[in-house]
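Residue numbers (my numbering): 417 to 473.
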Ligand code: SF4
């Protein structure tokens, strides 16, 4: 059985939120403005997932 939570299975949450100090597995519906902006930029191809990963290194 995997230890991955339902929220962590969302690729945007996995990419952005799991690096965030405010991440809580049970806040399924909460999305901050930064998350929404980053998600929109990723969807539009203005940002690449690698650039998000690099920002957290
Ligand atoms: S929604 Fe925003 S505040 Fe919440 S965990 Fe994701 S990046 Fe952090």
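Each residue gets a CB set at the ideal place from its N, CA and C atoms; glycine is no exception. Only a predicted model underlies this, so the values are computations on that prediction, with no experimental measurement involved.
When 437, 427, 456 are compared against residue 472, the one with the closest alpha-carbon: 437
Under the three-state DSSP convention, the category residue 436 falls into: coil
Three-state class that DSSP yields for residue 428 in the structure shown: helix
Length of the line joining the Cα atoms of residue 439 and residue 465: 19 Å
Spatial distance of residue 468 from residue 434 (CA atoms): 12 Å
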